[in-house]
Every structure is written in C-alpha cells, then in structure tokens.
Amino acid sequence: MARLVLVSNRVPSPQDRGVKSGGLVAALSEAMSGGLWFGWSGQVADRTESKAQVRRVRGTVYATIDLGKQDYDDYYVGFANSTLWPLLHFRLGLMEFDRPQYEAYQSVNRAFAAALVPQLKPDDIVWVHDYHLIPLARELRALGVRNKIAFFLHVPFVPPSVFAVLPKGSELLAALCDYDLVGVQTVTDLRNLLDCVRELLGRPVDDLGRVASNGRSARFGAFPIGIDARSFADMAVESAGGAEGKRLAQSLGGRALVMGVDRLDYSKGLPNRFEGFTRLLGRWKEWHEKVTYVQIAARSRDDVPQYRTIRRELDQLAGRINGRFGTIDWVPIRYINRPVARGTLAGYYRHTRVGLVTPLRDGMNLVAKEYVAAQDPEDPGVLVLSRFAGAVHELGEAVLVNPYDPDEIAEAINVALRMPLDERRDRWQRMWRRIATDDAAAWCKSFLTVLDA
Ligand code: ADQ
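Here it is, written out as structure tokens:
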C-alpha cells in the first residue's frame with residue numbers, strides 16, 4: 132500500500148496531541164496511522180528553514196520546518212488568518228488584504244514544497260490540508276513531483292459574489308485545479324466552489340465534478356469529516372465517572388448544565404450565545420439558580436488583532452451577566468479560557484443537559500459530533516445547533532437555531548431544557564447512528580478511495 136504523506140500548516144508535537152484545540156489536529160490524529168506528517172513546527176525563527184527536521188515517533192515520521200518571523204506575520208497571521216479565514220467565513224468586514232502578505236503566502240508555500248520534496252518517495256500519496264496551503268500542489272508540480280496530490284478544505288467555501296472580492300482570488304482557484312482531488316465539507320461548499328471555478332475562472336466542470344487543468348483533470352467532491360465516535364463514547368463513559376467528571380457534577384449542586392466548547396474565535400458566535408443565555412434568564416425566571424452555563428473557549432490566534440478584541444468583549448459580557456443574575460452561591464456563567472484535555476471534555480459532555488454549538492459559520496464543527504457521541508443513550512442531553520455549521524447536514528435532529536438571533540438561542544435552550552425523555556432519546560438515536568457510521572475512518576477511506584479511482 133502506498134505511504135500517506137499528510138501536509139498541514141501546523142504539525143502537532145506527538146506529546147501534546149491530547150490537549151491541542153485545533154479541529155484539524157483532532158481529526159487527523161484519529162485518521163493517521165503510520166506515514167509521514169509534514170508542516171510547520173510551531174516555532175518561529177529568524178528565517179524560514181529550507182530543510183526539514185525529521186523525527187520518528189511510534190511509526191510516524193514527523194518532518195517539520197520553523198517559520199521565519201516575517202513569514203509568520205505575513206503568511207500565517209496575515210494572509211491565512213486575516214484574509215482567507217474571514218473571507219471563507221463570510222466576514223468581509225473583517226477581511227484585510229495586503230499584497231506583500233499574499234506574496235509571503237506564495238513564498239511560504241514554495242518553501243514548504245522545497246523542504247517536502249526530499250522526503251517524498253515515488254509512490255507516496257500526498258494529502259494537503261486547509262486554506263494555508265492552497266498553492267502547494269502547484270509548487271510541488273513545478274519541482275517535478277508526479278505523485279498523486281489531494282487537498283481537503285476544513286473551512287466553508289463562499290459563493291462567487293463573495294469570493295470575487297478577494298484580489299488574486301482567481302490565482303487561488305487555478306491553484307486548486309492543480310490537485311488530483313479537492314475535498315470540501317458539505318454539498319453547499321462544493322456548489323459554491325464549483326460556481327467560483329465556472330464563473331470566476333471561466334472553466335467548465337463536468338457532471339462528476341471534474342475540471343480540466345494543464346493536461347490533467349482535477350476532481351472536486353464533498354467529504355463531511357467524521358470523528359471516532361465509538362472511542363469518544365467509551366472515553367466519555369470512563370471520564371464522566373472519573374475525578375474531573377465527578378468534580379464537575381458535584382460543583383453543579385443538582386443544577387442543569389448547559390455547555391459550549393470552542394476555540395476562542397469570532398466565527399463561533401460566542402457573544403450572541405452569551406446574549407442568548409442572558410435572554411433565557413431574562414425571560415424565564417424559573418431557570419434562575421436552576422441552570423449553569425459553562426463556556427470553555429481556548430485562546431487561539433492571539434497575534435491576530437480581531438481575536439484580542441473578541442476576547443475583551445467576552446470577558447466583559449461574562450462579568451456583566453454574572454453581576455446581573457448571580458447570587459451568593461450561583462454563578463450563571465463559568466467562563467474558562469484554557470484548552471481542556473480531550474478525555475476530560477468527553478466526561479464533561481456526558482454531564483451536560485444542553486450542548487450549545489452556535490457558530491455564525493463553521494466548516495463542520497466537531498464539537499457537535501463529540502457532544503452527541505458522549506451522551507448516555509438512556510438519558511441523553513440535547514444538542515442546540517447552528518443552521519450555519521456544516522454538521523447540520525448530518526445532525527438535523529438537533530434543536531436548530533439561527534445563531535444571529537439571541538432570542539432564538541434563548542428559546543432553543545428553553546425547549547432543550549424541557550424536552551421529554553422519549554423525544555431526547557429518539558432524536559439522539561438518529562444522530563448517533565449517523566455519526567457512528569460516518570466516522571473518521573470512513574471519511575478518510577472514502578476520500579482516499581475517490582483519489583485512487
Ligand atoms: P475548528 O475551528 O478548530 O476546526 P471544531 O471542528 O469545533 O473547530 O474542532 C475543534 C476541536 O478541538 C474539537 O475536537 C474539540 O473537542 C477541540 N476543542 C475545541 N475547543 C477546545 C477547548 N477549549 N479545549 C480543548 N479542546 C477543544 C476546523 C474547522 C471546523 C472543522 C474542523 C475539522 O473550523 O469547521 O470541523 O476544522 O475539519
């Protein structure tokens with residue numbers, strides 16, 4: 132069997148994979164067995180390295196390069212996270228564009244390609260991940276790489292009317308056509324991307340989602356990412372009864388637990404969620420002192436100014452809500468800015484009556500799937516889910532909300548808290564069957580099977 136070479140912006144260090152908060156890291160750790168993992172080490176140096184540092188840990192080879200400070204600022208903080216991330220999450224008002232940053236994005240992709248080529252064997256399958264690395268196939272091809280190269284985009288894709296605002300956007304669309312296979316999360320993302328290829332790039336797409344490019348053909352498809360649902364469920368059972376799970380349960384004093392777990396990111400809709408909880412307490416007094424909302428929001432991308440702004444906003448909101456509704460022995464919102472180990476989270480989810488997943492836009496959102504996987508089948512909690520998370524395509528039995536409307540969030544929490552056991556079980560079983568079947572292994576297999584075809 133061919134060796135799998137994963138390429139992602141950030142390669143997790145093998146020891147901190149358990150607590151890292153990136154969804155990509157979580158999904159790939161489950162999908163990856165053996166093979167080579169190539170990308171940025173997470174370290175910033177004077178200049179971007181041209182030669183990879185290679186380590187072998189438990190059968191997987193990790194090959195990483197450090198990024199130079201200027202490249203970190205321009206490629207990572209700049210074009211990737213201040214241009215592409217807001218654009219692809221439909222946040223044009225937050226998007227910045229700066230040509231030198233775009234050029235750094237290209238040159239870092241060129242550096243990735245140059246450092247990866249010496250590691251490649253002729254039969255390797257190269258699987259590139261996410262928006263940081265769109266031009267990588269083109270750079271690898273320019274260096275003579277003939278291997279199969281595939282790409283998976285973890286974030287949403289926008290329609291042509293939105294994508295058209297990106298200067299140089301057509302170059303990126305053309306670069307995507309240099310892959311053998313391009314996967315996105317949902318059929319909506321696929322439709323948007325192919326509309327962009329047709330309308331902005333002027334290239335025809337055939338019925339199988341194929342686009343002719345430089346004498347080859349790139350295929351586009353939707354591959355919704357899954358989790359390792361069964362092992363997550365096992366972990367939840369074990370951890371809910373463990374020390375941290377018991378500590379959480381005891382601290383609630385019999386109150387119902389509402390919980391959200393996210394990276395601290397403006398795409399996750401946290402201010403609206405906090406406002407939704409405020410309106411719940413404002414409108415239904417019977418929930419006072421009866422519910423506790425725990426929000427775990429691990430700090431992320433602190434070097435991007437918009438992330439510092441949202442952190443300040445949430446600090447203030449949490450303080451205001453607790454000041455307004457709190458009593459001597461009841462803190463309505465417990466707000467935590469640190470990542471929590473995966474196993475511990477699984478146990479927390481199992482103690483949670485209402486899982487709140489209300490991003491303004493999300494490629495998939497794995498927390499929604501993890502929350503479902505962690506529930507007790509006999510007495511499951513209720514998922515409140517944004518209509519704009521990719522996960523909604525598979526988890527339609529959740530209580531669905533428009534995350535822009537705090538009143539709708541409040542109503543959804545109220546419905547979820549009151550939902551009878553039969554209905555909770557029924558909704559949960561349908562969702563569980565889907566996520567247990569379409570899990571991380573199935574995702575990986577279906578993607579690689581299409582690539583192989
Ligand atoms: P993310 O935006 O990071 O991922 P998400 O899918 O929710 O979002 O994944 C987060 C992962 O990190 C989950 O496994 C979760 O358990 C973990 N996590 C989140 N907050 C945490 C915290 N505070 N402490 C510890 N762990 C935490 C991107 C896209 C998503 C897409 C994934 C995978 O933005 O839409 O679902 O990639 O494709």
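Take the sequence shown: its position 385, counting from 1, is numbered 516 in my numbering, and each next residue is one higher. Note that the Cβ used here is the ideal one computed from N, Cα and C, for glycine as well.
Out of curiosity, what's the CA-to-CA distance linking residue i and residue j?
i      : j      : result
Leu383 : Asp557 : 27 Å
Phe351 : Arg394 : 29 Å
Val581 : Gly190 : 26 Å
Gly512 : Phe456 : 25 Å
Val601 : Ser301 : Here the chain comprises residues numbered 132 to 584, so residue 601 is not present and cannot be evaluated.
Gly372 : Gln381 : 12 Å
Glu330 : Glu420 : 55 Å
Asn496 : Ser172 : 25 Å
Val257 : Gln201 : 27 Å
Ala429 : Lys416 : 30 Å
Ala477 : Tyr206 : 34 Å
Arg443 : Asn468 : 12 Å
Ser152 : Pro355 : The predicted model places Ser152 with a pLDDT of 39, which falls under 50 and marks its position as unreliable; any figure quoted below should be read in that light. Cα-Cα distance, rounded: 20 Å.
Gly154 : Pro436 : Model confidence at Gly154 stands at a pLDDT of 49, short of 50, so the residue's coordinates are unreliable; what they give is reported in the following sentence. Going by the C-alpha atoms only, they are around 22 Å apart.
Arg334 : Glu180 : 36 Å
Arg510 : Arg465 : Residue identity differs from the one stated: residue 510 is Asp in this sequence, not Arg. Their backbone Cα atoms lie some 24 Å apart in a straight line.
Gly275 : Leu219 : 31 Å
Leu445 : Ala268 : 39 Å
Pro551 : Asn545 : 12 Å
Ile280 : Phe578 : 12 Å
Asp553 : Lys252 : 55 Å
Pro470 : Ile441 : 17 Å
Pro595 : Val313 : Any answer about residue 595 is impossible in this case: the structure gives the chain only from 132 up to 584.
Arg564 : Ala572 : 15 Å
Asp583 : Gly357 : 20 Å
Residue i: which of the options sits nearest, CA to CA?
i      : options                        : result
Val286 : Val498, Gly478, Arg565, Asp493 : Asp493
Ser517 : Lys500, Ala504, Arg414         : Lys500
Asp204 : Phe456, Glu227, Ala235         : Ala235
Lys182 : Val239, Gly224, Gln201, Tyr233 : Val239
Pro143 : Gly166, Ala273, Gly170, Gly450 : Gly170
Asn533 : Ser139, Val185, Ala520         : Ala520
Pro490 : Ser172, Gly407, Val293, Ala281 : Gly407
Arg432 : Asn278, Val259, Gly454, Val208 : Val208
Tyr193 : Gln184, Lys200, Ile540         : Gln184
Leu167 : Thr195, Trp574, Asp538         : Thr195
Asp434 : Asp396, Leu448, Gly450, Trp563 : Asp396
Gln237 : Tyr262, Arg561, Ile459         : Tyr262
Phe562 : Pro508, Leu552, Asp365, Pro291 : Checking the sequence shown, residue 562 turns out to be Met, not Phe. When each option's Cα is compared against that of Met562, the closest is Pro508.
Ala242 : Gly385, Asp229, Asn140, Arg230 : Asn140
Phe282 : Asp553, Pro266, Pro402, Arg564 : Pro266
Ala472 : Arg564, Gly385, Met366, Lys576 : Met366
Pro249 : Leu271, Phe228, Leu264         : Leu271
Arg230 : Trp574, Pro298, Phe221         : Pro298
Ile438 : Lys399, Pro463, Val259         : First, the residue type needs correcting, since residue 438 is Tyr and not Ile in the sequence shown. Here the closest residue by C-alpha is Lys399.
Ala449 : Thr458, Val462, Thr440         : Val462
Cys575 : His260, Gly527, Arg451, Arg186 : His260
Leaving aside the five residues before and after residue i along the sequence, list all residues of the same chain whose C-beta is less than 6 Å from its C-beta, in chain order.
i      : result
Ala360 : Ala504, Ile566, Ala567, Asp570
Ala120 : Shown here, the chain extends from 132 to 584; a query on residue 120 therefore has no answer.
Gln232 : Asp205, Gly209, Phe210
Asp197 : Ser172, Gln174, Ala176, Glu180
Arg186 : Tyr193
Could you tell me how far apart the beta carbons of residue i and residue j are, in whole angstroms, since I believe they sit closer than 8 Å?
i      : j      : result
Cys308 : Ser362 : The Cβ separation is near 37 Å, so there is no contact.
Leu379 : Tyr502 : No, Leu379 and Tyr502 are not in contact; Cβ-Cβ is about 15 Å, not under 8 Å.
Asp254 : Arg134 : 7 Å
Leu247 : Val138 : 7 Å
Gly530 : Ala543 : The sequence shown places Val at residue 530, not Gly. About 5 Å separates the two Cβ atoms, so the contact holds.
Arg178 : Gly165 : Between Gly165 and Arg178 the Cβ distance is about 32 Å, and since that is not below 8 Å, they are no contact.
Thr317 : His524 : 5 Å
Excluding sequence positions up to five away, which residues of its chain have a Cβ less than 7 Å from the Cβ of residue i?
i      : result
Leu388 : Thr423, Val425, His482, Thr483, Arg484
Val315 : Leu284, Phe288, Leu321, Leu324, Ala353
Gln506 : Arg481, Gly512, Trp559
Leu332 : Ser301, Leu304, Ala305
Val392 : Ile427, Leu476, Val498
Asp538 : Arg410
Arg404 : Gly391, Leu487, Thr489, Ile540
Glu375 : Thr475, Gly478
Gly454 : none
Leu339 : Arg350
Leaving out five residues on either side along the sequence, give the residues of the same chain with a beta carbon under 8 Å from the beta carbon of residue i.
i      : result
Leu223 : Pro217, Val293, Val296
Arg341 : Ser348, Ala349, Arg350, Phe351
Asn212 : Arg432, Val435
(message) My parser needs the alpha helix (DSSP H) runs of 4 or more residues fully inside the segment 494-523; what are they?
(response) Entirely contained in the segment 494-523, the alpha helix (DSSP H) runs reaching 4 residues are, in chain order, 497-504.
(request) List in chain order: all unbroken alpha helix (DSSP H) runs of 4+ residues lying wholly within the segment 257-314. (result) The alpha helix (DSSP H) runs of length 4 or more contained entirely in the segment 257-314 are, from start to end of the chain, 267-273, 291-294, 300-307.
(message) Going residue by residue through the segment 413-444, where are the continuous beta strand (DSSP E) segments of at least 3 residues, counting only ones entirely within it?
(response) 422-429
(message) Restricting to runs no shorter than 4 residues, where is the alpha helix (DSSP H) found entirely within the segment 341-421?
(response) 360-371, 374-383, 401-414
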